[in-house]
Amino acid sequence: MMAAATHSVTLDGLSGRPIEVEVDIGGGLPTTVLVGLADTMVNEARDRCRSAVSNSGTTWPDQRVTINLAPSTLPKTGSHYDLAIALAVFAAKSLVPADRLSGSVFLGELALDGRLRAIRGVLPATLAAAEAGYERVFVPEVNVPEAELVPGIDVVGVRSLRQAVALLTGEQQPDDPPVPPLDDTPSISWTSADRLAHLDLADISGQEDSRMALLVAAAGGHHLLMTGPPGIGKTMLAQRLPGLLPDLTREQSLAVSAVHSVAGVLPSDAPLLTRPPFLDPHHTASAVSIVGGGSRVIRPGALSLAHHGVLFLDEAPEFASNVLEALRQPLESGRVVVSRAAMTAAYPARFQLVLAANPCPCGLSSAVADQCRCTPLMRRRYADRLSGPIRDRIDIHRSLPSLSRPDVVSALGGARSTRDLAAVVLEARDRQGSRLRETPWRLNSEVPGVELRKSWPVSDQGRVLMDQQLRTNKLNARSADRILRLAWSVADLNGHDVPRGDDVESALSLRRGTALGGSLRDLVQAS
1 MMAAATHSVT
11 LDGLSGRPIE
21 VEVDIGGGLP
31 TTVLVGLADT
41 MVNEARDRCR
51 SAVSNSGTTW
61 PDQRVTINLA
71 PSTLPKTGSH
81 YDLAIALAVF
91 AAKSLVPADR
101 LSGSVFLGEL
111 ALDGRLRAIR
121 GVLPATLAAA
131 EAGYERVFVP
141 EVNVPEAELV
151 PGIDVVGVRS
161 LRQAVALLTG
171 EQQPDDPPVP
181 PLDDTPSISW
191 TSADRLAHLD
201 LADISGQEDS
211 RMALLVAAAG
221 GHHLLMTGPP
231 GIGKTMLAQR
241 LPGLLPDLTR
251 EQSLAVSAVH
261 SVAGVLPSDA
271 PLLTRPPFLD
281 PHHTASAVSI
291 VGGGSRVIRP
301 GALSLAHHGV
311 LFLDEAPEFA
321 SNVLEALRQP
331 LESGRVVVSR
341 AAMTAAYPAR
351 FQLVLAANPC
361 PCGLSSAVAD
371 QCRCTPLMRR
381 RYADRLSGPI
391 RDRIDIHRSL
401 PSLSRPDVVS
411 ALGGARSTRD
421 LAAVVLEARD
431 RQGSRLRETP
441 WRLNSEVPGV
451 ELRKSWPVSD
461 QGRVLMDQQL
471 RTNKLNARSA
481 DRILRLAWSV
491 ADLNGHDVPR
501 GDDVESALSL
511 RRGTALGGSL
521 RDLVQAS
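Note that the sequence shown ends on residue 527 in full-length UniProt numbering; no numbers are left out.
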């Protein structure tokens, strides 16, 4: 009786757990049995590994082969167990020293001829291996740049099963050709802010109040709702928001890259994302594509792919109601939990939401030449597609007015560029970082209201304004907390140590969608 074991990793969302792959070659009729709560994709590994082993210098055992993926209580899915299974068979046949397998994790999908193909989720799997104390990880050569992002673990890239065996036995490595991916990994242009890098806020005529609102949203990470007729500049403003945001920190880059790796949209030539992602799904997108899920494998959706970035929903009332209502929990908790009968996966989803909507179904009710023919009931039903709880979770509300031709001409050349305003945002975030250094939060939008009231109170004048609004029932408790966060973001932009009365007034205007002015207007106007 011959037995051997190797190690791999199973992923549950973005968290991974080590898996021991045991292979036993015993007496009985020739058959291969795979146990350990494996799904259909893992069960198919038996045939892939049989052909790969047979084409890599040895034969598949002509006996009963039992493959166990332990612990058996964890669901197993994916094709990345192939390499670990095949090497365990080599070790069970005494073709690979068992001691050379210890301390290593093996990840990779095998082709029938023994080539090693790229897989999804290499970054979180390597992170899990390093946290579990493994010293070395074997991955497909295509995935090496992604795995090397994890410090403290030796990454070995291999092109084929024969090459992996040669490395473990100390023999001369075969000169196998490079293995191209089955299809080119998308450059995630649809999730990347790089495609928007050339866009400039100075290109937008007029809309000074909306530019000020965008600046505050970028400074504090606040959610934004823009309402206005078609062609007024809502999409242009949203697309220029990523340009105001600073680069991701190292910790944020690893978290964002891990989500994209699991989703299979991380480019092999740039495995570490350094800019905040920007996603703008179409309004016909399904709930699974937005929230995450799947029939066989649970994968992250747009909410998670926009982690530490911007999620823009254009024509927001046209999205399905279940998609919009699914935003409630992530907007509060910063994570998405996708539950299925067989398994549950949790993904991070701390994104910045930007919604754009027309004032009515035809969109012309607030245009310069009012040609709207929608009835009041039609307008109300259209507005009600964005429910009260969703609107209440959005910090900044803006109604974009239509501009006449003289307004457009007079506004040309009077706005600061994205580069200039990005420096202002960076200074405001540095102030937040200094103030929140000893806390688990990094942005004003993340700080709970109770902590704001207890640790960072506003000035006496600002407190009087807030009390007046609460006494007259113009604000509820959640709205009051959001106005406090907005007031701190306005104060950070203005360089104030504590939000003053005018900062609180600006926060109230941002929340209600009324006109802005004062020091914020000076920030967005060209000197």
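Beta carbons are placed, not taken as given, at the ideal position from N, Cα and C, and that holds for glycine.
- Message: Tell me which residues share the same chain as residue 511 and place their Cβ nearer than 8 angstroms to its Cβ, disregarding the 5 neighbours each side in the sequence.
- Response: Here the question's residue 511 lines up with position 511 in the sequence shown. Closer than 8 angstroms at the Cβ level, and outside the excluded window around residue 511, lie 395, 396, 397, 479, 482, 483, 486.
- Along the chain, which unbroken stretches of the alpha helix (DSSP H) at least 4 residues long are found entirely within the region 31–108? 40–43, 45–54, 82–92
- Per DSSP, residue 300 is paired with what? Taking the first residue of the sequence shown as 1, we reach residue 300 at position 300. Answer is 292, bridged to residue 300.
- Message: Let me check one thing: in DSSP terms, what residues is residue 154 bridge-paired to?
- Response: Taking the sequence shown and counting its residues from 1, the one referred to as residue 154 is at position 154. Answer by DSSP bridge pairing, in chain order: 136.
- Query: Exposed or buried, which one is residue 146 when buried takes at least 16 other CB atoms within 10 Å?
  - Reply: Working through the sequence shown from its first residue, we reach residue 146 at position 146. So residue 146 ends up on the buried side.
- Query: Taking C-alpha atoms, which residue in 415, 449, 310, 471 lies nearest to residue 205?
  - Reply: Stepping through the sequence shown from its first residue, residue 205 is reached at position 205. Comparing Cα positions, the closest option is 415.
- Item | Residues of its chain near residue 154, where Cβ-Cβ distance is below 7 angstroms and the 5 sequence neighbours each way are ignored | What you label residue 154 is simply residue 154 of the sequence shown in a count that begins at 1. So the qualifying residues of the chain are 135, 136.
- Query: Can you name the start and end residues of the beta strand (DSSP E) that residue 7 belongs to?
  - Reply: As a working mapping, residue 7 is identified with position 7 in the sequence shown. Per DSSP, residue 7 belongs to the beta strand (DSSP E) from 2–12.
- Selection from 217, 88, 58 that minimises the alpha carbon distance to residue 69: Within the sequence shown, residue 69 is the residue found at index 69, counting from 1. Closest option to residue 69, Cα to Cα, is 88.
- Item | CB contact flag (residue 301, residue 292, <7 angstroms) | Sequence index remark: in the sequence shown, residue 301 carries index 301 (1-based). Sequence index remark: in the sequence shown, residue 292 carries index 292 (1-based). Result yes, Cβ atoms of residue 301 and residue 292 sit closer than 7 angstroms.
- Using three-state DSSP, classify residue 24 as helix, strand or coil. By 1-based counting over the sequence shown, the position of residue 24 is 24. Here residue 24 sits in strand by DSSP.
- Query: Where do the N-terminal and C-terminal ends of the beta strand (DSSP E) with residue 337 fall, by residue?
  - Reply: What you label residue 337 is simply residue 337 of the sequence shown in a count that begins at 1. It spans 335–339 - the beta strand (DSSP E) in which residue 337 sits, taken as one unbroken run.
- Task: Could you tell me whether any Cβ in chain D is nearer than 7 angstroms to the Cβ of residue 70?
- Result: Going by chain labels, chain D is absent from the structure shown, which holds only one protein chain.
- Item | Top-ranked residue by Cα proximity to residue 52, from 17, 109, 30 | In the sequence shown, counting from the first residue as 1, residue 52 sits at position 52. If we check each option's Cα against that of residue 52, 109 comes out closest.
- Message: Per DSSP, what are the beta-bridge partners of residue 356 in this structure?
- Response: Position 356 of the sequence shown holds residue 356. According to DSSP, which records beta bridges pairwise, residue 356 is partnered with 226.
- Task: Could you spell out the range, first to last residue, of the beta strand (DSSP E) harbouring residue 310?
- Result: As a working mapping, residue 310 is identified with position 310 in the sequence shown. Where residue 310 is concerned, the enclosing beta strand (DSSP E) stretches over 310–313.
- Message: Rounded to the nearest angstrom, what separates residue 3 and residue 352 at their Cα positions?
- Response: For the purposes of this step, residue 3 is taken as the residue at position 3 of the sequence shown. For the purposes of this step, residue 352 is taken as the residue at position 352 of the sequence shown. Each residue's Cα considered, the two are about 52 angstroms apart.
- For the beta strand (DSSP E) that residue 348 lies in, which residues bound it at each end? As a working mapping, residue 348 is identified with position 348 in the sequence shown. That run of the beta strand (DSSP E) goes 344–348.
- Is there contact here, the region 315–331 with the region 251–259, by at least three beta-carbon pairs under 8 angstroms? no
- What is the residue span of the alpha helix (DSSP H) that residue 232 lies within? For the purposes of this step, residue 232 is taken as residue 232 along the sequence shown, with counting starting at 1. First-last for residue 232: undefined, no H or E at that position.
- Task: With a threshold of 16 other CB atoms inside 10 Å of the CB of residue 516, please say whether the residue is buried or exposed.
- Result: Taking the sequence shown and counting its residues from 1, the one referred to as residue 516 is at position 516. Looking at its Cβ environment, which holds 16 or more other Cβ atoms inside 10 Å, residue 516 is buried.
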